[in-house]
Amino acid sequence: MFTDSVELTVSSGKGGQGCVSFRREKFVVNGGPNGGDGGKGGDIWFKCDNNTHTLSHFQKKMHIKADGGAPGESSNMAGKSGLKKVVIVPPGTQVIDAETDEVLFDMLIDGEEVKFIEGGKGGLGNVHFKSSTNQRPTYAQPGQKGQTRKIKLDLKLIADVGLVGFPNVGKSTLISTVSNARPEIANYEFTTLTPKLGQVNIGDFESFIMADIPGIIGGAHEGKGLGIEFLRHIERTKILLFMVDLASYRDLKEQIETLKNEVTSFSEKLGDSKYAIALTRADVVPAEEIETLVNSFLELLGLQATQNSKLDFDVSMPYFIQDNADATLGFDKTLPYFVAPISSASNKNIEPLKHALFNLVQVDRK
28 MFTDSVELTV SSGKGGQGCV SFRREKFVVN GGPNGGDGGK GGDIWFKCDN NTHTLSHFQK
88 KMHIKADGGA PGESSNMAGK SGLKKVVIVP PGTQVIDAET DEVLFDMLID GEEVKFIEGG
148 KGGLGNVHFK SSTNQRPTYA QPGQKGQTRK IKLDLKLIAD VGLVGFPNVG KSTLISTVSN
208 ARPEIANYEF TTLTPKLGQV NIGDFESFIM ADIPGIIGGA HEGKGLGIEF LRHIERTKIL
268 LFMVDLASYR DLKEQIETLK NEVTSFSEKL GDSKYAIALT RADVVPAEEI ETLVNSFLEL
328 LGLQATQNSK LDFDVSMPYF IQDNADATLG FDKTLPYFVA PISSASNKNI EPLKHALFNL
388 VQVDRK
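Position 79, counted from 1, in the sequence shown is what our numbering calls 106; the numbers after and before it change by one each time, with no gaps.
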């Protein structure tokens, strides 16, 4: 089960009780106090782990506690400190205060560890309370209580490129074609019920991460369909690939305007992202219709078809790509970086698509 939001209570360990003890040794008269200190309570830590991809393992564990410290012992021996409790979370997890909704910290890097709550201090043994006027102290401190916090864990996937489109537009087919992701693919809407991540390899040494979320419909930002639940999973992406269906009953302009409106309504920052447009299912539309559809679509966007490209898009189909095909600093992010017909089924324009997206990713990584 994919779970991306849970509420938890976490408690650090209580400090151990100090010991009341007196030295008792043969041939030693009037042995003094020798009670040891209690051990420190265990801390609560969070650790980011790439091998974890969901928060589902917290579903049946709503209160996480660290071990308490052991009590002190005689002969000035301190009690054993409680073991720290390490909470394992996937990259992209935000730890949020459940009462104030304040984001306390963000776990992004594999192996990163953050101490969240300190364990209680152990109590002092009676050896600390001896004095010239109290040579036989019978008092030791109790250990300090641990802290308890109510928190929310909110998972937002980390990806370089986020796929945005209506249901059944071909997002799952594309990500399964270009990456190592293997989502369910079927000929009905809302096949994708949970977000998917895939690594897209460019040659032997370069790659980027692509995220696929369930299809968006009009009103998604208000809770319609599945969009509102998963739109936040592309909040961290800086590049959006809008996927528009050439063979849909919906008009191309209607599709792109609805998608952009939903993304912007959900997050203005996300709506200001760099973007490109892939016109899907080019394999089921006759060539002459593709030419008419694409040219009309480009005209509506105020663009003109490009005659040639460094990225080897198929010249038999009209497409647009900004002149600086290496996506240099002159790239105009108010316009799509490219608009190109593709077909995941027949592999049409898939390799140029991968390289064009990689160029955009490289800009954001600099």
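Using N, Cα and C, we set each Cβ at its ideal position, and we do this for glycine too.
(request) Take the Cβ of S373 as the centre, count every other Cβ of all protein chains shown within 10 Å, and call the residue buried at 16 or more, exposed below. (result) Position 346 of the sequence shown holds residue 373. Answer is exposed; the Cβ neighbour count stays below 16.
(request) Give the DSSP-derived three-state secondary structure of K92 in the structure shown. (result) Here residue 92 refers to the residue found at position 65 of the sequence shown. Annotated three-state conformation of K92 is strand, per DSSP.
(request) Please confirm whether L267 and S300 have their CB atoms less than 8 Å apart. (result) Position 240 of the sequence shown, counted from the start, is the residue given in the question as residue 267. Position 273 of the sequence shown, counted from the start, is the residue given in the question as residue 300. Their beta carbons are under 8 Å apart, which means L267 touches S300 by this criterion.
(message) Given this structure, state the Cα-to-Cα distance separating Q331 from I240, to the nearest angstrom.
(response) Mapped onto the sequence shown, residue 331 falls at position 304. Mapped onto the sequence shown, residue 240 falls at position 213. Between Q331 and I240, the C-alpha separation is close to 30 Å.
(message) Relative to the C-alpha of L297, which candidate in D187, F340, Y346 has its C-alpha closest?
(response) Start at 1 with the first residue of the sequence shown, and residue 297 comes out as number 270. Nearest C-alpha to L297: D187.
(message) Alpha carbons only, please: which of T361, M344, S336 is nearest the one belonging to A383?
(response) Here residue 383 refers to the residue found at position 356 when the sequence shown is read from its first residue. Closest in alpha carbon position to A383, among T361, M344, S336, is S336.
(message) D94 and G59 - do their beta-carbons sit closer together than 8 Å?
(response) For this step, residue 59 is matched to residue 32 along the sequence shown. For this step, residue 94 is matched to residue 67 along the sequence shown. In this structure, D94 does not lie closer than 8 Å to G59 by Cβ.
(message) Give me, in chain order, the residues of the same chain whose beta-carbon lies closer than 6 Å to that of G65; leave out the 5 immediate sequence neighbours on both sides.
(response) As a position in the sequence shown, residue 65 is number 38, starting the count at 1. Contacts found: G42, G43, Q44, G45, G96, P98, G99, G106, G149, G150, G170.
(message) Rounded to whole angstroms, what is the Cα-Cα separation between E289 and I243?
(response) For the purposes of this step, residue 289 is taken as residue 262 along the sequence shown, with counting starting at 1. For the purposes of this step, residue 243 is taken as residue 216 along the sequence shown, with counting starting at 1. Going from the Cα of E289 to the Cα of I243 covers about 8 Å.
(request) Over the uninterrupted beta strand (DSSP E) stretch that includes V271, give me the two end residues. (result) On the sequence shown, residue 271 is found 244 positions in, with the first residue counted as 1. V271 -> beta strand (DSSP E) spans 266-272.
(request) Tell whether a beta-carbon distance below 8 Å holds between P20 and L286. (result) Any answer about residue 20 is impossible in this case: the structure gives the chain only from 28 up to 393.
(message) Please classify L279 as buried or exposed, where buried requires at least 16 other C-beta atoms within 10 Å of its C-beta.
(response) By one-based count along the sequence shown, residue 279 stands at place 252. Buried: at least 16 other Cβ atoms inside 10 Å.
(request) Tell whether a beta-carbon distance below 8 Å holds between I202 and G225. (result) Position 175 of the sequence shown, counted from the start, is the residue given in the question as residue 202. Position 198 of the sequence shown, counted from the start, is the residue given in the question as residue 225. Yes; because the gap between Cβ atoms is below 8 Å, this pair is in contact.
(request) Alpha carbon to alpha carbon, how far is Q121 from D128? Give it in angstroms, no decimals. (result) Taking the sequence shown and counting its residues from 1, one reaches residue 128 at position 101. Taking the sequence shown and counting its residues from 1, one reaches residue 121 at position 94. Answer to the nearest angstrom: the Cα atoms are 11 Å apart.
(request) Keeping to the same chain, check which residues put their C-beta closer than 8 Å to that of N103; ignore five residues upstream and five downstream. (result) Numbered from its first residue, the sequence shown carries residue 103 at position 76. Counting only residues of its own chain and dropping the five nearest sequence neighbours on each side, N103 has a CB closer than 8 Å to the CB of N61, G62, G63, G152, V154.
(message) DSSP three-state label for G189, please.
(response) If you number the sequence shown from 1, residue 189 lands on position 162. The answer is strand: DSSP assigns G189 an E or B state.
(request) Find out if the Cβ-Cβ distance for the pair F85, M134 is shorter than 8 Å. (result) As a first step, residue 85 must be located in the sequence shown, where it is residue number 58. As a first step, residue 134 must be located in the sequence shown, where it is residue number 107. Judged by their CB atoms, F85 and M134 are not nearer to each other than the 8 Å cut-off.
(request) Taking only the alpha-carbon atoms, compute the straight-line gap between T30 and L82 and give it to the nearest angstrom. (result) Position 3 of the sequence shown, counting from 1, holds the residue named residue 30. Position 55 of the sequence shown, counting from 1, holds the residue named residue 82. Straight across, the Cα-Cα distance linking T30 with L82 is about 5 Å.
(request) Label G426 either buried or exposed according to how many other C-beta atoms from any shown protein chain fall within 10 Å of its C-beta, with 16 as the threshold for buried. (result) Nothing about residue 426 can be reported from this structure: the residues present for the chain run from 28 to 393 only.
(message) Can you tell me whether Q384 is helix, strand or coil according to DSSP?
(response) Translated into the one-based positions of the sequence shown, residue 384 becomes position 357. The sequence given here places Leu at residue 384; Gln does not occur at that position. If DSSP states are grouped into helix, strand and coil, L384 belongs with the helices.
(request) Look at the Cβ atom of G197, then the Cβ atom of S371, and state whether they are nearer than 8 Å. (result) As a working mapping, residue 197 is identified with position 170 in the sequence shown. As a working mapping, residue 371 is identified with position 344 in the sequence shown. Yes, the pair counts as a contact, with Cβ atoms nearer than the cut-off.
(message) Short of 7 Å in beta carbon distance, which residues of its chain neighbour V227, apart from the five on each side in sequence? Order them along the chain.
(response) As a first step, residue 227 must be located in the sequence shown, where it is residue number 200. So the list reads V205, S206, S234, F235, M237, K381, once near-sequence residues are dropped.
(message) Using the Cβ count rule (16 or more neighbours within 10 Å means buried), how would you classify T200?
(response) As a working note, residue 200 is residue 173 in the sequence shown. Counting C-beta atoms within 10 angstroms of its own C-beta, T200 has 16 or more neighbours from the protein chains shown and is therefore classed as buried.
(message) I need the straight-line Cα distance from S158 to Y166, nearest angstrom please.
(response) Translated into positions along the sequence shown, residue 158 becomes position 131. Translated into positions along the sequence shown, residue 166 becomes position 139. Taking the straight line joining both Cα atoms gives about 13 Å.
(request) State the start and end residues of the unbroken alpha helix (DSSP H) segment that holds Q282. (result) Counting from one through the sequence shown, the residue named residue 282 turns up at place 255. Its alpha helix (DSSP H) spans residues 279-293.
(request) Please classify A309: is it buried, with 16 or more other beta-carbons within 10 angstroms of its beta-carbon, or exposed? (result) Position 282 of the sequence shown, counting from 1, holds the residue named residue 309. A309 is buried by the Cβ-count criterion.
(request) Can you say whether T160 is buried or exposed, counting buried as having 16 or more other CB atoms within 10 angstroms of its CB? (result) Looking up residue 160 in the sequence shown gives position 133. By the neighbour-count rule (16 or more Cβ atoms within 10 Å), T160 is not buried but exposed.
(message) Out of K111, V342, L325, V130, which one is the CA nearest neighbour of D70?
(response) Position 43 of the sequence shown, counted from the first residue, corresponds to residue 70. For D70, the nearest C-alpha among the options comes from K111.
(request) Note down the Cα distance separating V366 from K223, rounded to an integer number of angstroms. (result) On the sequence shown, position 339 is the one that residue 366 refers to. On the sequence shown, position 196 is the one that residue 223 refers to. Roughly 24 Å separates the two Cα atoms.
(request) Name the residue from I91, D339, R163, E281 whose alpha carbon lies nearest to the alpha carbon of F193. (result) The residue labelled residue 193 in the question sits at position 166 within the sequence shown. Of I91, D339, R163, E281, the residue nearest in Cα terms is E281.
(request) Tell me whether V154 sits in a helix, a strand or coil according to DSSP, three-state version. (result) For the purposes of this step, residue 154 is taken as the residue at position 127 of the sequence shown. In this structure, V154 counts as helix in the three-state DSSP scheme.
(message) Can you list, in chain order, the residues of its chain with a C-beta nearer than 6 Å to that of A213? Leave out the 5 residues immediately preceding and following it.
(response) Within the sequence shown, the letter at position 186 stands for residue 213. In this prediction, A213 has a pLDDT of 44, which is less than 50 and means its spatial position is unreliable; nothing more can be read from the coordinates.
(message) Let me make sure I understand the geometry here. Which of L328, D124, C75, I144 has the alpha-carbon closest to that of G138?
(response) As a first step, residue 138 must be located in the sequence shown, where it is residue number 111. Cα-wise, what sits closest to G138 is C75.
(message) Would I304 and I283 be called neighbours here (beta carbons separated by less than 8 Å)?
(response) In the sequence shown, counting from the first residue as 1, residue 304 sits at position 277. In the sequence shown, counting from the first residue as 1, residue 283 sits at position 256. Taking 8 Å as the Cβ cut-off, I304 and I283 qualify as a contacting pair.
(request) Within the same chain, show all residues whose beta-carbon is closer than 7 Å to that of M28, passing over the 5 residues directly before and after it, in chain order. (result) On the sequence shown, residue 28 is found 1 positions in, with the first residue counted as 1. Because the pLDDT at M28 is just 49, under 50, the model does not fix this residue reliably, and the value given afterwards should be weighed accordingly. Within the same chain, M28 has close Cβ partners S83.
(request) Answer with buried or exposed for E249, where buried requires no fewer than 16 other C-beta atoms within 10 angstroms of its C-beta. (result) For the purposes of this step, residue 249 is taken as the residue at position 222 of the sequence shown. For E249, the predicted structure reports a pLDDT of 46, less than 50, and the residue's modelled location is therefore unreliable. The matter cannot be settled from this model.
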